[in-house]
Amino acid sequence: MREVSLNEKEFHLNKDLFFLLGGVLLSVLAGFFLPFENLFWYKSAFLGYILSSVVYVAYLLVRERIVGVVATLTLYLSLLLNLTGMIRRAYESYKLGVFHPPWSNLFEALTFWSFIAGFVYLVIERKYGFKILGAFVIPVIAAISGFAIYKANPEITPLMPALRSYWLYLHVVTAFTGYAGFTVAFGGAVAYLLKEHFPENKFVKNLLPRREILDEITYKSIAIVFPIWTASIILGAAWANEAWGGYWSWDPKEVWSLIVWLFFGAYLHARQLMGWKGKRVAWLVVFGFITVLICFFAVNLYFPGLHSYATE
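In UniProt numbering, the protein residues as written are 1 to 312.
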């Protein structure tokens with residue numbers, strides 16, 4: 001394998017920063033000055049995620065470099081559209097006199113999850129160079145975005161008094177970074193299990209990278225975001241104490257956040273201290289992601305509590 005020189009690394013870093021900062025600037029300008037409502041940008045992002053999913057699957061099948069480049073660029077543009085929608089929505093809430101960050105109800109939470117998950121995936125793809133994982137991760141992101149567009153209420157509403165706090169920024173951003181990392185890890189685990197269950201299938205064998213690589217990507221995704229998820233629980237407890245006078249009230253969301261923490265904590269314990277690798281820990285990640293879905297969708301939609309979106 002060819003060694004990458006320091007100058008090459010600096011070039012790639014500068015290029016990444018250029019695309020990141022340039023994209024953010026374009027999103028800010030579009031969000032403030034173009035005459036389109038936030039739903040236009042969010043729906044455009046959803047279509048972009050669908051197109052990106054198709055192109056990533058196409059790359060999985062044909063392995064042509066140009067297809068991989070188009071897949072990454074399509075995802076990048078989709079993220080910019082999503083970010084523009086978030087900026088526009090925050091601006092619209094300001095004009096309505098009810099300004100809040102765009103992640104405070106079900107619609108906003110799902111679109112924010114889509115954005116953070118896509119961004120985390122893009123960072124991992126850039127770092128490790130495995131675009132194939134996108135065929136498993138981006139369709140999940142598209143599904144989350146689609147659920148927001150077609151099932152959630154997009155109305156901008158005032159925040160309840162307890163949510164008008166700086167804790168809203170700290171707690172929610174860390175929580176959704178955790179959701180995003182677990183989403184990417186789930187994609188890696190599914191790819192691993194396909195490789196494991198069809199070891200002699202030439203189609204699967206040629207499409208997916210080695211199991212060791214998939215296992216490592218899954219592990220690193222969880223190892224990075226698990227402390228962030230831990231921080232989100234701690235920040236949520238501190239916020240609850242400030243707002244309601246207690247750190248823990250056994251709210252359904254608190255309980256299921258703890259269950260998610262225990263599942264992925266068990267994964268890291270088994271992986272690091274007990275030497276578990278391969279199929280056992282991959283299934284643990286899959287079941288762990290099911291607890292993530294329960295924690296967000298089932299608890300927020302069907303259980304009464306401080307995090308409930310049932311009234312929406």
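Just so it is clear, CB atoms sit at the ideal spot from N, CA and C, and this is done for glycine as well.
Small disclaimer: the values here were computed from a predicted structure and weren't measured.
*For the stretch 64-147, list the alpha helix (DSSP H) runs that are entirely contained and at least 4 residues long, ordered along the chain.*
65-95, 106-128
*Considering only C-alpha positions, which residue in the set 88, 267, 150 is nearest to residue 280?*
267
*Should the stretch 169-178 be called in touch with the stretch 232-243, which here means at least 3 C-beta pairs below 8 Å?*
yes
*Within 10 angstroms of the Cβ of residue 206, are there 16 or more other Cβ atoms? Answer buried if so, exposed if not.*
exposed
*Please confirm if the stretch 256-266 is in contact with the stretch 284-294, defined as three or more CB-CB distances below 8 Å between the two stretches.*
yes
*State the Cα-Cα distance for the pair residue 148 and residue 19, rounded to the nearest angstrom.*
27 Å
*Integer Cβ distance of residue 176 from residue 113, believed to fall under 8 Å*: A Cβ-Cβ distance of about 5 Å is found for the pair residue 176 and residue 113, placing them in contact under the 8 Å criterion.
*Would you mind working out which of 231, 98, 296, 184 sits nearest residue 117, comparing C-alpha positions?*
184
*Which residue's Cα is closest to the Cα of residue 119: 297, 79, 226?*
79
*residue 161, DSSP secondary structure in three states*: Helix, per DSSP.
*Pick from 190, 33, 230: whose alpha carbon is nearest that of residue 91?*
33
_Simplified DSSP assignment, three categories, for residue 249_ = coil
*Beta carbon of residue 186, beta carbon of residue 285: below 8 Å?*
yes
*Nearest CA to the CA of residue 216: which residue from 163, 49, 189?*
189
*Short Cβ contact (8 Å threshold) for residue 124 with residue 221*: Yes, the pair counts as a contact, with Cβ atoms nearer than the cut-off.
*Specify, as a first and last residue, the run of the alpha helix (DSSP H) that residue 297 falls within.*
Premise fails: residue 297 is in no alpha helix (DSSP H) and is neither H nor E.
*Ordered along the chain, which non-local residues of its own chain (more than five positions away) have a Cβ less than 7 Å from that of residue 139?*
53
*Hey, how far is the Cα of residue 75 from the Cα of residue 134?*
9 Å
*Taking Cβ to Cβ, would you say residue 84 is nearer than 8 Å to residue 31?*
yes
*Nearest-angstrom Cα separation, counted from residue 122 out to residue 56*: 12 Å
_Measuring straight from C-alpha to C-alpha, what distance separates residue 225 and residue 81?_
Computed Cα separation, rounded: 25 Å.
*When the Cα of residue 143 is compared with those of 95, 61, 45, which residue comes out closest?*
With distances taken between CA atoms, residue 143 lies nearest to 45 out of 95, 61, 45.
_Buried or exposed for residue 257, going by 16 or more other Cβ atoms inside 10 Å?_
buried
*What are the boundary residues of the alpha helix (DSSP H) that residue 227 is part of?*
211-244
*Identify, in the order they occur along the chain, each residue of the same chain with its Cβ nearer than 8 Å to the Cβ of residue 200, setting aside the five sequence neighbours on each side.*
The same chain holds no residue with a CB closer than 8 Å to that of residue 200 once the five nearest residues on each side in sequence are set aside.
*For residue 48, does the three-state DSSP call read helix, strand or coil?*
Note: residue 48 maps to helix in three-state DSSP.
*Does the Cβ of residue 249 have 16 or more other Cβ atoms within 10 Å, making it buried, or fewer, making it exposed?*
exposed
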